[in-house]
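Novice:
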Amino acid sequence: MAAPQPKYDVFQAIADPTRRQLLSLLSEQEMPVTVISGHFPMSRTAVSKHLRILAEAGLVKDRKVGRETRYRLESEPLQELKRWLSYYERFWDNKLSMLKHYVESDSTDEAERYGKLEVLKPSQIE
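So the number in this note's numbering is just where the residue sits in the sequence shown, counting from 1, plus 452.
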């Protein structure tokens, strides 16, 4: 029997800026929700909801230590995301190279077409 599909996928989970900040914070060390909440201008309940979405996407793991729940980053789903994005990176690089070539050749053409531009002093603009 296959493992159940998560409620949220990685893309849904990282779409929210608060959740991206949570991942960044947890990349440094494991933390309890009380400490994590201190980094955000929202209630602990709101932070817990964001953490739950990240956990359902497999991006964070929680564990009980006494009475507190500690959260830590699970980087494997991010590696999967990186692999997926790297495939499309070559298309972006190609388009950026084409844009750079266009902009640079266009600015050269403009300079040749109009010659040097004279910079006017404020006293000359009357």
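The C-beta atom is built at its ideal place from N, Cα and C for all residues, glycine as well.
The structure displayed is predicted, hence computed values, not measured ones.
What residue range does the alpha helix (DSSP H) around R472 cover?
Specialist: In the sequence shown, counting from the first residue as 1, residue 472 sits at position 20. From DSSP, the alpha helix (DSSP H) with R472 extends over 469 to 478.
Novice: Can you list, in chain order, the residues of its chain whose CB lies under 8 angstroms from that of V517, leaving out five sequence neighbours each side?
Specialist: For the purposes of this step, residue 517 is taken as the residue at position 65 of the sequence shown. Answer for V517: P484, listed in chain order.
Novice: Compute the distance between the beta-carbons of T521 and F492, then report whether it is under 8 angstroms.
Specialist: Counted from its first residue, the sequence shown places residue 521 at position 69. Counted from its first residue, the sequence shown places residue 492 at position 40. Cβ distance not < 8 angstroms, so T521 and F492 don't count as in contact.
Novice: Applying the 10 Å Cβ sphere with the 16-neighbour rule, what's the burial state of L548?
Specialist: As a working mapping, residue 548 is identified with position 96 in the sequence shown. That one is exposed.
Novice: In three-state DSSP terms, what is E520?
Specialist: Counted from its first residue, the sequence shown places residue 520 at position 68. Three-state DSSP puts E520 in a strand.
Novice: Starting from the C-beta of V499, find all residues in its chain whose C-beta is less than 7 angstroms away, skip the five residues before and the five after it, and write them out in chain order.
Specialist: Along the sequence shown, read from residue 1 onward, the residue named residue 499 stands at position 47. The residues are V485, I488, S489, F492.
Novice: When you compare only the Cα positions, how much space is there between W536 and R496?
Specialist: Taking the first residue of the sequence shown as position 1, residue 536 is located at position 84. Taking the first residue of the sequence shown as position 1, residue 496 is located at position 44. Each residue's Cα considered, the two are about 33 angstroms apart.
Novice: Considering K459, what are the terminal residues of the alpha helix (DSSP H) in which it resides?
Specialist: Along the sequence shown, read from residue 1 onward, the residue named residue 459 stands at position 7. First-last for K459: undefined, no H or E at that position.
Novice: Which same chain residues, not among the five before or five after L503, have their C-beta less than 7 angstroms away from its C-beta?
Specialist: Counting from one through the sequence shown, the residue named residue 503 turns up at place 51. Around L503: L474, V485, V512, Y523.
Novice: I need the straight-line Cα distance from Y554 to P529, nearest angstrom please.
Specialist: Here residue 554 is taken as the residue at index 102 of the sequence shown, counted from 1. Here residue 529 is taken as the residue at index 77 of the sequence shown, counted from 1. Going from the Cα of Y554 to the Cα of P529 covers about 37 angstroms.
Novice: Shortest alpha-carbon distance to Y460 belongs to which of R515, Y539, A507?
Specialist: The residue you call residue 460 lines up with position 8 of the sequence shown. If we check each option's Cα against that of Y460, A507 comes out closest.
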